[in-house]
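Down below is the structure, laid out as structure tokens.
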Amino acid sequence: MASVAKARSPKSTQSNSLVYDLLVLSRFTKYNPLFTIFAGGMFLFVASFPTTAFSCLLAGSTLVGNGSDVTLTWVFRQTALCLSACYSFCGAGMVWNDWIDRDIDANVARTKDRPLASGRVTTTQAMLWMVFQMAVSWWLLHFMLDGKDVNNHMLPVVIGSFLYPFGKRPICSKFYFYPQYILGFTIAWPAVPGRTAIFHGQETFAESVQACMPLLNMVFFWTIFLNTAYSYQDVVDDRKMGVNSFYNVLGKHVHLLLCLLLVPVAVCVPMYLNQFHSTWLWVSWAGVWALSLLRQITRFDEKNPASGGSLHVDNFLLGAWTVVACTIELLMRYYS
């Protein structure tokens, strides 16, 4: 029996290694996919985690309480379905991005050890894993929305995720088109299914999109801000290889660019929160975001590209806190 176990151990080890590499490929070993669920379960998309969470929880807060038939259990169930769908789709998008970028990643110090760039995962394995995650995401959305308008919610992010890695190519810079545009859209979009998860029987798809516009715009510019700061870590290698990125717009004036990106965020947050008439949200969301983003912009040092990495962590914590704030708002509305 011992000899049989020994004979099987290399294959078992190889299988475990592949499973781990697939999880790494989808960034499931990191917090990155959680950005996609912030806006929607407020559906992201999170950038994404916060986007989804923000949209779904606050939509639910407008319906609970005052004798309403809408229960906390149902709102939390819809939010969980939204978050799971976003998380799974984000993982699929990461696989596609790394497959397209595998040759570029192999020549960048920070990314050369990624599963596809290093050859630990084959193209066939990666594509099967990607399709599986997309199928799971579609099924979860179908279940959450009772089969209504599922393709309307999926198609925009499918197209965006497909185009995103191509936006990094040098030819796109000639048209002033940068991958951060697509990333911002795909992370912001989950706000729509997040709201629809709650209102799908009460408003049309177009009405849900319109209601989410302030949140969509806020998350769009917030995502470009945090991704520009984070990607700036690779500025030296990216410029050597001619990688197209948003921080090349103003060259050495990246700090000014980041400040400008926060202007629409500062405008859209009040526009979105105004509909809820909640002092708690003004303090816990608008107030905390103002202090955090001001702190981030003062800490960023364009002469030290590594400083962008810490901003990524700060924004994840900011999104996570806002999910907590939205949950508290929901509970206060329900028990008031």
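Start counting the sequence shown at 3; every next residue gets the next number (the numbering used here). Backbone N, C-alpha and C fix where the C-beta goes; we use that ideal spot for every residue, glycine too.
Closest in alpha carbon position to residue 326, among 314, 304, 282, is 282. Out of 198, 56, 219, the CA that lies nearest to the CA of residue 209 is found in 198.
Assigned with DSSP and collapsed to three states, residue 100 falls in helix. For residue 25, the closest C-alpha among the options 83, 160, 100 is that of 100.
At a Cβ-Cβ threshold of 8 Å, residue 200 and residue 88 do not count as neighbours. Comparing alpha carbon positions, the residue from 321, 81, 179, 289 closest to residue 272 is 289. According to DSSP, residue 192 shares a beta bridge with no other residue. Around residue 261, the same chain offers 299 as residues with beta carbons nearer than 8 Å, after the five sequence neighbours per side are excluded. Shortest Cα-Cα distance from residue 263 to any of 69, 228, 232 involves 228. Pairing residue 169 with residue 184 gives a Cβ-Cβ distance under 8 Å. Just measuring C-alpha positions, the residue of 287, 65, 121, 140 sitting nearest residue 317 is 287. Taking C-beta atoms under 8 Å as the contact rule, residue 194 and residue 221 fail to qualify, at a distance of about 11 Å. Under a 10 Å Cβ-count criterion, residue 70 is classified as exposed, with fewer than 16 other Cβ atoms of the shown protein chains found around its own Cβ. Taking each of 254, 181, 295, 62 in turn and checking the Cα distance to residue 319, the smallest one comes out for 295.
Taking the C-beta atoms as reference points, residue 85 is found no nearer than 8 Å to residue 108. In this structure, the alpha-carbon of residue 96 lies about 37 Å from that of residue 334. Residue range 309-337 is occupied by the alpha helix (DSSP H) that includes residue 325. Taking C-beta atoms under 8 Å as the contact rule, residue 302 and residue 257 qualify, at a distance of about 6 Å.
In this structure, the beta-carbon distance from residue 235 to residue 307 falls below 8 Å.
Under the three-state reduction of DSSP, residue 255 is assigned to coil, being neither helix nor strand. Within the same chain, and ignoring the five residues on either side of residue 217 in sequence, the residues whose Cβ sits closer than 8 Å to its Cβ are 41, 44, 53, 56, 57, 190, 193, 270, 274. Between residue 223 and residue 152, the C-beta gap is not smaller than 8 Å, which leaves the two residues out of contact. Contact annotation: residue 139 and residue 90 have beta-carbon atoms nearer than 8 Å.
About 7 Å separates the beta carbon of residue 232 from that of residue 313, a gap short enough to meet the 8 Å contact definition.
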